[in-house]
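Novice:
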């Protein structure tokens, strides 16, 4: 059974600098990152109850700022996507067709909204604006994300 939509709030992920540790020539996940992944898995699995997305989906992230430091919002997208795969909410993060991310003053952590969508042809959106997509293409792919 698959989901048509999912909204879940996850804890704020560790910074990119604190997710990994170096041991000799190996790069391993840090204990802090492992704890965050485990917490996310519990939260997501409680919400999905064994169901998930097994095809194309769109993702919107509303991210609360944990403090006043400057942060790169794009560094938060990958760990959230990986947590969704680990928890079984999505079969493969390469099925994500559209991503929106923004800072939200009313959110503590990261509020994730997933919606089932159709597969977007890269040439369709890239041709319109010379980049990965534009508002019109994004809205046609997942109009509910704006809601």
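Numbering (full-length UniProt numbering), first residue to last: 1 to 147.
By construction, the Cβ of each residue, glycine as well, lies at the ideal position given by its N, Cα and C atoms.
For clarity, every value in this text was computed on a predicted model and none was experimentally measured.
1) In angstroms, rounded to a whole number, what distance separates the CA positions of residue 27 and residue 56?
2) In terms of alpha-carbon separation, which member of 10, 25, 15 lies closest to residue 32?
3) Below 8 angstroms between beta carbons: does that hold for residue 73 and residue 103?
4) For residue 121, count the other beta carbons within 10 Å of its own beta carbon; 16 or more makes it buried, fewer makes it exposed. Which is it?
5) Please state the DSSP three-state secondary structure of residue 85.
6) Identify, in the order they occur along the chain, each residue of the same chain with its Cβ nearer than 8 angstroms to the Cβ of residue 30, setting aside the five sequence neighbours on each side.
7) At which residue ranges does the segment 59-117 contain complete beta strand (DSSP E) runs of 3 or more residues, listed in the order of the chain?
8) For residue 105, collect the residues of the same chain with a Cβ closer than 8 angstroms to its Cβ; drop the 5 residues on either side in sequence, then sort them by chain order.
9) Compare the Cα-Cα distances from residue 7 to each of 118, 119, 110 and report the closest residue.
10) Provide the residue span of the alpha helix (DSSP H) that contains residue 43, from first to last.
Specialist: Taking the structure as given:
1) By one-based count along the chain shown, residue 27 stands at place 27. By one-based count along the chain shown, residue 56 stands at place 56. C-alpha separation (whole angstroms): 31 angstroms.
2) Counted from its first residue, the chain shown places residue 32 at position 32. Checked all of 10, 25, 15; the closest Cα to residue 32 is 15.
3) Stepping through the chain shown from its first residue, residue 73 is reached at position 73. Stepping through the chain shown from its first residue, residue 103 is reached at position 103. Result yes, Cβ atoms of residue 73 and residue 103 sit closer than 8 angstroms.
4) Along the chain shown, one-based indexing puts residue 121 at 121. Burial call: exposed.
5) Taking the first residue of the chain shown as position 1, residue 85 is located at position 85. In the structure shown, residue 85 sits in a helix (DSSP, three-state: H, G or I).
6) Mapped onto the chain shown, residue 30 falls at position 30. Around residue 30: 14, 18, 19, 20, 21.
7) 96-103, 110-116
8) Here residue 105 is taken as the residue at index 105 of the chain shown, counted from 1. Answer for residue 105: 64, 65, listed in chain order.
9) Against the chain shown, residue 7 aligns to sequence position 7. Answer by Cα proximity: 110.
10) Translated into positions along the chain shown, residue 43 becomes position 43. Its alpha helix (DSSP H) spans residues 31-48.
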